[in-house]
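Visitor: Just dropping this structure here.
Number of protein chains: 2
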Amino acid sequence: MVVIDIIIFTFEDDVLKVLLVKRKAPPFIGKWAIPGGFVRKQESLMRAAERELREETGVRAGYLEQLYTFGDPKRDPRGRVVTAAYFALIPRGKMKVRGASDAADARFFPVRKLPSLAFDHKKIFLYARTRLQNKIQYTNIAWSLLPRAFTLGEIQDLYETIWGRRLDKRNFRKKLFSLGLLKALPKMRRGLRQRPARLYAFKKKTYVELKRFFS
Amino acid sequence: MVVIDIIIFTFEDDVLKVLLVKRKAPPFIGKWAIPGGFVRKQESLMRAAERELREETGVRAGYLEQLYTFGDPKRDPRGRVVTAAYFALIPRGKMKVRGASDAADARFFPVRKLPSLAFDHKKIFLYARTRLQNKIQYTNIAWSLLPRAFTLGEIQDLYETIWGRRLDKRNFRKKLFSLGLLKALPKMRRGLRQRPARLYAFKKKTYVELKRFFS
DNA sequence: TCAAAAGTGTTGTGTGTACACCCATGT
DNA sequence: ACATGGGTGTACACACAACACTTTTGA
Numbered sequence: 001m002v003v004i005d006i007i008i009f010t011f012e013d014d015v016l017k018v019l020l021v022k023r024k025a026p027p028f029i030g031k032w033a034i035p036g037g038f039v040r041k042q043e044s045l046m047r048a049a050e051r052e053l054r055e056e057t058g059v060r061a062g063y064l065e066q067l068y069t070f071g072d073p074k075r076d077p078r079g080r081v082v083t084a085a086y087f088a089l090i091p092r093g094k095m096k097v098r099g100a101s102d103a104a105d106a107r108f109f110p111v112r113k114l115p116s117l118a119f120d121h122k123k124i125f126l127y128a129r130t131r132l133q134n135k136i137q138y139t140n141i142a143w144s145l146l147p148r149a150f151t152l153g154e155i156q157d158l159y160e161t162i163w164g165r166r167l168d169k170r171n172f173r174k175k176l177f178s179l180g181l182l183k184a185l186p187k188m189r190r191g192l193r194q195r196p197a198r199l200y201a202f203k204k205k206t207y208v209e210l211k212r213f214f215s
Numbered sequence: 001m002v003v004i005d006i007i008i009f010t011f012e013d014d015v016l017k018v019l020l021v022k023r024k025a026p027p028f029i030g031k032w033a034i035p036g037g038f039v040r041k042q043e044s045l046m047r048a049a050e051r052e053l054r055e056e057t058g059v060r061a062g063y064l065e066q067l068y069t070f071g072d073p074k075r076d077p078r079g080r081v082v083t084a085a086y087f088a089l090i091p092r093g094k095m096k097v098r099g100a101s102d103a104a105d106a107r108f109f110p111v112r113k114l115p116s117l118a119f120d121h122k123k124i125f126l127y128a129r130t131r132l133q134n135k136i137q138y139t140n141i142a143w144s145l146l147p148r149a150f151t152l153g154e155i156q157d158l159y160e161t162i163w164g165r166r167l168d169k170r171n172f173r174k175k176l177f178s179l180g181l182l183k184a185l186p187k188m189r190r191g192l193r194q195r196p197a198r199l200y201a202f203k204k205k206t207y208v209e210l211k212r213f214f215s
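Listed in order, the protein sequences are those of chains A and B.
Using the numbering used here, you'd call the opening residue of the first sequence number 1 and step up by one each time.
Using the numbering used here, you'd call the opening residue of the second sequence number 1 and step up by one each time.
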């Protein structure tokens, strides 16, 4: 039997979060799990992942890619269930999380404060987090985690959070501008008790692969 | 239904080659295809790939990783067959290719001279080739394609073949030595009508991930 | 003696990295 | 006034890229 699971990341309150659903059907009833479901006949794996993402969050895309396929014969107590895991990136605020049919509840958890997970979902989550950490080094996918307009401080926070280390502000901005993918907006973020920050947006929301992004 | 397919690469006669089997069962009888087979009960996907690799080539490992899972509902005329594709790298000369149970014949084809392939195997092959091209940029997996002892000319030929462009001999060697992974052997490759070349081997056959390997 | 690949250093350029101070706002 | 992040430029180190000639062998 083939199912899909989606690890859905978002970036909110300066932390990386992942969507979990509480299982209301056996096995692992009451445990938190990565959202997923069956693949319908006449539906490709990617379509199934897109559908599941829409059902769970109400959003269309952001970024979605196949992560890895887990097929250990003992990963599901009911018998062999092969899962094609996908991972998705969603900008904050866009989605309206709702529990899907087989979930009593659904919410985002900071990746540093995850509850214990059903099945081998801990392993799947760790695989996804590693992929995200690696991939932001040579692509711009992390930008799918940002809202339309953002400050340079926000994007730097995002990178620092995912990498888990501090970056030099001047070097970060220099590199960012040198890529030529940002446009400055004629607006500032005001209302905080500090100097207003310039807002930026992406020229196009295209996926770019780079030799080396930030190291 | 879940099956696995393995794209097995080797490097021989200065070209990159891939193993294909001729189908002797329907569908696509008589057509060349990427070797693969069913996953047994109580066998993980990776174990199934290892078994299949052994059955097809007689060798144990070299390098083996999961590539991508293809699940288009129309990819197999018999109905939905999801295939977890793996890709493997094998040093030349080690393997004794033999046709497996569902293949009338099996042999290596240069990647530039492939016949037409069954199913969506062309797409799978292209995906594998791209992965190989990308991955040799930041890992040392290509070294699984080389025999125990090799000359610097051979390893450079390998990189030039996979990338499809020429590299500067001095810069290539400088970078290679700077990694500190090679040891010079007290032997030379003789018998060719040219100056003998020093033979080298890897200090250990470990997988190394680098920030940037060759650009 | 000739063809063929082996072997070997230096220099310029670009990119990454380290580093410190003033600015504009809200409270 | 002060706390908070916003915003800005220079100097050094290092890695990559370009480049040409001599050596050793087999035929």
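C-beta: ideal position from N, C-alpha, C; glycine also.
Would ALA149/B pass as a contact of LEU185/B if the rule is Cβ separation under 7 Å?
Guide: Yes, these two residues count as a Cβ contact at 7 Å.
Visitor: Listing by chain order, which chain B residues have their CB less than 8 Å from the CB of THR69/A?
Guide: Here the neighbours are LEU45, GLN66, THR69, ALA84.
Visitor: When the Cα atoms are used, what is the spatial distance from LEU114/A to ILE124/A?
Guide: C-alpha separation (whole angstroms): 13 Å.
Visitor: Quick check: the Cα distance between PRO196/B and GLY164/B, rounded to an integer number of angstroms?
Guide: For PRO196/B and GLY164/B, the distance between alpha carbons rounds to 26 Å.
Visitor: When DSSP builds the beta bridges, which residues end up paired with GLY36/B?
Guide: According to DSSP, GLY36/B bridges with ASP5/B.
Visitor: Chain A partners of ARG80/B, CB-CB under 9 Å?
Guide: Those within 9 Å of ARG80/B in chain A are VAL2, VAL39, LYS41, GLN42.
Visitor: At what residues does the beta strand (DSSP E) containing PHE119/A begin and finish?
Guide: Here PHE119/A belongs to no beta strand (DSSP E), and DSSP marks it neither H nor E.
Visitor: Give me the Cβ distance between VAL82/B and MET1/B, rounded to the nearest whole Å; I'm assuming they're in contact under 8 Å.
Guide: The pair is a contact, with the Cβ atoms about 7 Å apart (cut-off 8 Å).
Visitor: I'd like to know if ASP72/A contacts chain B, where contact means its C-beta is closer than 7 Å to some C-beta of that chain.
Guide: Taking Cβ atoms only, chain B reaches closer than 7 Å to ASP72/A, which makes this a yes.
Visitor: Can you find the residues in the same chain that come closer than 7 Å, C-beta to C-beta, to GLU65/A, ignoring five residues on each side of it along the sequence?
Guide: Closer than 7 Å at the Cβ level, and outside the excluded window around GLU65/A, lie TYR86, PHE87.
Visitor: Hey, how far is the Cα of ASP157/A from the Cα of ASP14/A?
Guide: Their backbone Cα atoms lie some 7 Å apart in a straight line.
Visitor: Going by CA-CA distance only, name the one from ALA201/B, ARG170/B, PHE108/B, LYS169/B that's closest to GLY180/B.
Guide: Cα-wise, what sits closest to GLY180/B is ALA201/B.
Visitor: For LYS24/B and PRO110/A, what's the separation of their Cα atoms in angstroms?
Guide: Near 53 Å, if we compare the C-alpha coordinates of PRO110/A and LYS24/B.
Visitor: How would you label ILE136/A, buried or exposed, when you count the other beta carbons within 10 angstroms and need 16 or more for buried?
Guide: Under this definition ILE136/A is a buried residue.
Visitor: Which residue comes first and which comes last in the alpha helix (DSSP H) that contains ALA48/B?
Guide: 45-57 is the span of the alpha helix (DSSP H), which, as asked, contains ALA48/B.
Visitor: Quick one: measure Cβ to Cβ for ALA49/B and LEU117/B, integer angstroms, because I've assumed they're closer than 8 Å.
Guide: The pair is not a contact, with the Cβ atoms about 19 Å apart (cut-off 8 Å).
Visitor: Would you list the one or two residues that DSSP bridges to ARG189/B?
Guide: According to DSSP, ARG189/B bridges with ALA197/B.
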